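Input: a single structure, listed below in C-alpha cells.
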Amino acid sequence: MLYAVLTLFALYYLAPLYVMIATSLKSAEELREASIFALPHAAQLDTWRHAWSEVCISVSCGGMRPYFVNSLVVVVPAVLISTLIGAINGYALAAWRFPGSNLLFGLLLFSCFIPFQAIILPLAQLLGALGLASTGTGLALTYIVYGLGFTTLFFRNFYVTVPRELVRAATIDGAGFFAIFWHIMLPLSLPTIVVTLIWQFTQIWNDFLFAVTLTNGAGQTATVALGNLVKTSQATKRYDVEMAAAIITGLPTLLVFLLAGKYFVRGLTAGAVKG
29 MLYAVLTLFA LYYLAPLYVM IATSLKSAEE LREASIFALP HAAQLDTWRH
79 AWSEVCISVS CGGMRPYFVN SLVVVVPAVL ISTLIGAING YALAAWRFPG
129 SNLLFGLLLF SCFIPFQAII LPLAQLLGAL GLASTGTGLA LTYIVYGLGF
179 TTLFFRNFYV TVPRELVRAA TIDGAGFFAI FWHIMLPLSL PTIVVTLIWQ
229 FTQIWNDFLF AVTLTNGAGQ TATVALGNLV KTSQATKRYD VEMAAAIITG
279 LPTLLVFLLA GKYFVRGLTA GAVKG
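Residue numbers (the working numbering): 29 to 303.
Structural data, given as C-alpha cells:
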C-alpha cells in the first residue's frame, strides 16, 4: 500500500517537475529528437538566462525579470499587512467579545467563499473610482482585503485556545488592548504567523485572475507574464524557454514550502485551524 502511494506521488508531482527541469536544460535538437524523459547531454544554462532577461513577452523583450519584481512588490506588503490585520482581528474576536462579534466573524468567514468572478466588475469599478486602476497598489489592496477572512480565521481559532487568565492578569496590571496584543498574544502565535504567511504568500503569488484583470502592460505579475509568454508568437516554439520561465515563476512558492514546510505543519497542529 505504501509503495503504491509513493509511486502515485512520484508520478503526479515529481515526474512533471523532472520533465520541466530536463526540458529547460536541453538544446533545441535534443527536444526534437530525444524522449521527454531523457536526461540532457549537456545542460543549456543559457536558456535560463534568456528566459530571465531576454525572452519576448507580448511586445516587451525584457524577459521575466521585471514581472518577477512586480510580483514581489505586490506580494510582500500584501502578505505582511493582511497577516498583521488578521492577527489584530483574531485577537479582538477571541479575547474581547463584544455585541455582534459572532456575526462579524461569520461575515468574514462568508467572504472566504465568495468566488473571484463574482466581484471582479464592482472591484474594478471601485479601484477606478479610487484612482488605483491598473496599479500595483490597487492589486495589493485587493489581496489584503480578500485575504482578511482567512487570516482572521487562523488567528481567531488559535487565540481562543489561549487561557483567558493571561488577558485578565495583564488587564489587572494595567495593560491595554495593544499592549496585551504586542507583548503577550503575538509572541505566543508564532506558529500561526508562519501558517498565515505561507498560506497568503502561496495564494497571492499564484493568483492569475485578479492580476490579469486589474493590471496591464509592464505592471503585470509573473503569472500573467508566463501566460503571455506561452501565447506570444515566435518563429520557433521554444519549449525549453517556456519551461525555464515556468520554473522561475513557481520557484518562490516551492522554496517557501521546502524551507518552512515543517513549520507549516507545526502551526496547523498548534491550533491554527482548530476551534
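Every residue, glycine too, gets a C-beta built ideally from N, C-alpha and C. Quantities reported herein were computed from a predicted structural model and do not represent experimental measurements.
Legend entry - Sequence-distant residues of its chain with Cβ nearer than 7 angstroms to residue 166 (five each side left out): 155, 160 and 242
Inset, instruction - Out of 277, 202 and 217, state which residue places its alpha-carbon closest to the alpha-carbon of residue 235. - result: 277
Legend entry - Residue-level contact to chain C via CB, residue 52, 7 angstroms cutoff: Here there is only one protein chain, and chain C is not present.
Inset, instruction - Return yes when the Cβ of residue 268 is within less than 7 angstroms of the Cβ of residue 366, no when it is not. - result: Given that the chain is displayed from residue 29 to residue 303, the structure contains no residue 366 and the question cannot be resolved.
Legend entry - residue 78, enclosing alpha helix (DSSP H) - first and last residue: 74-81
Legend entry - Residues that DSSP places opposite residue 63 in a beta bridge: DSSP, once it has assigned bridges, lists no residue as partnering residue 63.
Inset, instruction - For the alpha helix (DSSP H) holding residue 233, just list the boundary residues, first then last. - result: 218-234
Legend entry - Secondary structure of residue 300, DSSP reduced to three states: In this prediction, residue 300 has a pLDDT of 43, which is less than 50 and means its spatial position is unreliable; what the coordinates show is noted afterwards. Correct three-state label for residue 300: helix.
Inset, instruction - Look up residue 162 in the DSSP assignment and give the residues it is bridged to. - result: Its beta-bridge partners do not exist; DSSP assigns none.
Inset, instruction - For residue 85, write down the residues that DSSP places opposite it in a beta bridge. - result: 88
Inset, instruction - Report the residue ranges of all alpha helix (DSSP H) runs contained in full by the stretch 183-208; include only those spanning at least 4 residues, in chain order. - result: Listed in chain order, they are 192-200 and 205-208.
Inset, instruction - Helix, strand or coil for residue 316, going by three-state DSSP, please let me know. - result: Because the chain is modelled from 29 through 303, residue 316 falls outside the range shown and cannot be assessed.
Inset, instruction - Take every Cβ of the stretch 207-223, pair it with every Cβ of the stretch 126-145, and state whether three or more of those distances are shorter than 8 angstroms. - result: no
Legend entry - Sub-7 angstroms separation of residue 172 and residue 109 beta-carbons: yes
Legend entry - Own chain residues within Cβ distance below 7 angstroms of residue 58, not counting five before or after: These residues qualify, in order along the chain: 68 and 69.
Inset, instruction - Give me the Cα-Cα distance between residue 270 and residue 258, rounded to the nearest whole angstrom. - result: 7 angstroms
Inset, instruction - Closer than 6 angstroms by C-beta to residue 55: which residues in its own chain qualify, once you throw out the five before and the five after it? Chain order, please. - result: 72
Inset, instruction - Jot down the residue ranges of each uninterrupted alpha helix (DSSP H) in the stretch 117-180, minimum 4 residues, whole runs only, in chain order. - result: 129-139 and 144-157
Inset, instruction - Report buried or exposed for residue 232, applying the criterion of at least 16 other Cβ atoms within 10 angstroms of its Cβ. - result: The residue is buried, with at least 16 neighbouring Cβ atoms inside 10 Å.
Legend entry - Cβ neighbours of residue 274 in the same chain (closer than 7 angstroms, five flanking residues each side left out): 48 and 254
Legend entry - Between the CA atoms of residue 237 and residue 80 - distance to the nearest angstrom: 23 angstroms
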